[in-house]
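For the first sequence, position 181 matches number 182 in the working numbering, and the numbering has no gaps at all. Glycine is no exception: its CB is placed at the ideal position from the N, C-alpha and C atoms.
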Amino acid sequence: MVVLGPTASGKTSLSLVLAERFAGEIVNCDSVAMYREFEIGTAKPSAADRARAPHHLLDFVDPTAYLTAGDYARRGRQTLKDIKDRDRLPIIVGGTGLYLRALLEGLFPGPQRSEELRERLRERAGQKRPGYLHKLLGRLDPDSAEKIHANDTPKLIRAIEVCLASREKITEMWKRGRDPLRGFRMLRLGLNPERKALYDRINERASQMFEVGLVEETAKLLGKYGEAARPLSSLGYKQAAQLLRGEIDRTRAVSEVQQAHRNYAKRQMTWFRREPEVVWLTGFGNDPAIQAASVARVQAALEKNRDSPRAQARSE
RNA sequence: GCACAGGUGCGUGAGCCUGACUGAAACGGACCGGCUGUAACCCGGUUUCCCCUAGUGGGGCGCGGAGGUUCAAAUCCUCCCCUGUGCA
């Protein structure tokens, strides 16, 4: 099953209750929480939380390494399979929409990133006129150029990269479809608290992060890895680094982190609204009423699953 | 209480000198949306005074307040209110 929702909606809290109740294991689906040593800014579950259920795909990437949606999907599927083989319930928890989609529905079968190619494209784009990349893609694959906005550089680069590396149009590859996860009946629980209340909680949590040492953690990471650590540019760490460099003061840093989290939550909701078959719950995951409703949903799904012909065939 | 700076849409803040092209740049916010390997990234849109019109369009109000000059004012003039800084 999946527990999804915007930041600060209480996913961790709900998932732990469900894990304890249904012999579950947590599979993280938050892109930044996968990196080691990024603790405070990612609101990772505490040691006490982690003792309540096994956690997977948390803290497994070196801060200087790159992890892509494709890497995550591959590892995630293996993890899900292992949990299932142990006869436990996998509970995917997180807010990174693309990673969740990559895990459940798969990505198209395209080539992996090529740093050299990207470097060259970026360099040339810097020298040429603004519309350069878009025009280039237009020559390689007019259909995809039509779909990607001329200003969206990262997506243009990926499309060009795919076309060049595979000597095929990316739209042709898309037509071949994805490779969805098989062998699971998914139950998706979505947390959707009232916006105003969510924003209040986000503000509160963001300023709390500063109180418990977000800036100190950032300083430590900067000292150890320099700017090379990928997640240093993500929510919270970015502003803490600006504070350390003296570009902004503490008050400003706090309010910018709050703002960034609010904006992020908004975008997450835009993404999740398109997620298929989500059972939406209007409230926070730590709310007992929401937890009770969730337990009931999971219970019902499990019973239905047990009665299904396939499950009976398996048990015979 | 004397001197100077300033009051613009949800916010910051252009425009004011050199009046018409300004319902008001830009950046933010809020909201909506997109995003198939950097995704806590990246990108797009709407909102941005009220009324009439299916729409093109038209009318009114509007840049602290009240008047005035002018064919025409956020922009020029007068007075008033408020804010900040300097001097008493």
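Report the three-state DSSP secondary structure of residue i (helix, strand or coil).
i	result
P91	strand
E38	coil
V255	helix
L182	coil
L303	helix
L138	helix
H150	coil
R275	coil
G191	strand
V280	strand
D5	Reading off the sequence, residue 5 comes out as Leu, not Asp. Looking at L5 - three-state DSSP - the assignment turns out to be strand.
R159	helix
A230	coil
E169	coil
T97	coil
D201	helix
V213	coil
P249	The sequence as given places Ile at residue 249; Pro does not occur at that position. Note: I249 maps to coil in three-state DSSP.
P143	helix
L118	helix
G224	helix
D308	helix
G237	coil
Q113	coil
S16	helix
A297	helix
L108	coil
R177	coil
To the nearest angstrom, report how far apart residue i and residue j are at their CA atoms.
i	j	result
L90	E26	6 Å
L138	S145	8 Å
Y133	R307	56 Å
L81	E147	37 Å
F23	S47	21 Å
Y67	F61	12 Å
M2	D50	19 Å
S309	L244	57 Å
P277	L105	11 Å
G224	R274	40 Å
N204	I249	18 Å
R177	I149	19 Å
R130	D153	15 Å
P289	R253	35 Å
E169	N264	37 Å
R179	R78	14 Å
A160	I171	6 Å
K136	E124	16 Å
V299	A151	44 Å
S32	E120	24 Å
S167	L141	12 Å
So, using beta-carbon positions, are residue i and residue j closer together than 8 Å?
i	j	result
L233	L222	yes
V94	N193	no
F285	S10	yes
P110	V163	no
G71	A34	no
E212	Q240	no
G42	Y226	no
G6	G96	yes
L188	A302	yes
A54	L17	yes
A183	Y36	This sequence places Arg at residue 183; Ala is not what is there. Their beta carbons are not under 8 Å apart, which means R183 does not touch Y36 by this criterion.
E218	E40	yes
T8	A297	no
Tell me, to the nearest whole angstrom, how far the beta carbon of residue i is from that of residue j; I am working on the premise that it is less than 8 Å.
i	j	result
I92	A20	6 Å
W272	G98	4 Å
L199	S295	About 18 Å separates the two Cβ atoms, so there is no contact after all.
L118	L165	6 Å
L15	I291	7 Å
A220	V255	Their Cβ separation, rounded to whole angstroms, is 16 Å, which puts A220 and V255 out of contact at 8 Å.
L59	K45	7 Å
T65	A242	That pair is no contact at about 16 Å.
Does the beta carbon of residue i fall short of 7 Å from some heavy atom of the ligand FMN?
i	result
K12	In the structure on display, the ligand FMN does not appear, and there are no ligands present to speak of.
### Query
Where are the beta strand (DSSP E) runs, 3 residues long or more, that stay fully inside the region 22-86, in chain order?
25-29
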